[in-house]
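What follows is one structure encoded as structure tokens, with my remarks underneath.
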Amino acid sequence: MASKLVKLGNGTVLSTDNYTYGYFGEILSITSLQSGLDTKKYYVYDTDGKITHEIWPDPDATGPLSRKIVKYVYDADGRKVETQDGYGSMTDGTDFVWQQKVRLTYDSSTGQLAKRETVTP
């Protein structure tokens, strides 16, 4: 675990962030102590080490409100092809409900981004 302390110019502590890491050095969670509230943001990865879910802290840090979740989808070449914004209460993203998707399409000859499309349910 590593920590980061953020202070104002007068020495007042603004926040303390504690980081937990996985076996390969990937950030698994960040716990922040701000204004007396203990908040924790989680990260989930696939077997290739690409982030699949960012799970934001409970909005009031007391539970059990829904958390903002961002889900990432990749193609076989490892390119991000979709970002989904939604919510859920589980810290592993298993109960994710999407509210908006951004789909990315790549040019097959150049590999460059060709199209960005926003979709809502």
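Residue numbers (our numbering): -10 to 110.
Ideal Cβ positions, reconstructed from N, Cα and C, are used throughout, including at glycine.
Under the assumption that residue 72 contacts residue 86 (Cβ atoms under 8 Å), give the Cβ distance between them as a whole number of angstroms. Their Cβ separation, rounded to whole angstroms, is 15 Å, which puts residue 72 and residue 86 out of contact at 8 Å.
Quick one: grab the DSSP three-state call for residue 103. Secondary structure of residue 103 (DSSP, three-state): strand.
Straight-line CA distance for residue 61 to residue 0? 39 Å
Verify whether the separation of the beta carbon atoms of residue -2 and residue 15 is less than 8 Å. no
Within 10 Å of its beta-carbon, does residue 31 have 16 or more other beta-carbons around it, so buried, or fewer, so exposed? buried
Other residues of its chain near residue 97: CB distance less than 8 Å, five sequence neighbours each side excluded: Take residue 97, set aside five residues on each side of it, and no residue of its chain has a beta-carbon closer than 8 Å to its own.
In whole angstroms, give me the CA-to-CA distance for residue 6 and residue 70. Roughly 31 Å separates the two Cα atoms.
Under the rule that 16 or more other beta-carbon atoms within 10 Å means buried, what is residue 46, buried or exposed? buried
Should residue 77 go down as buried or exposed, given a rule of 16 or more other Cβ atoms within 10 Å for buried? buried
Given a threshold of 16 other Cβ atoms within 10 Å of its Cβ, counted over all protein chains shown, does residue 56 qualify as buried or as exposed? Per the 10 Å Cβ criterion, buried.
Residue 74, DSSP secondary structure in three states: strand
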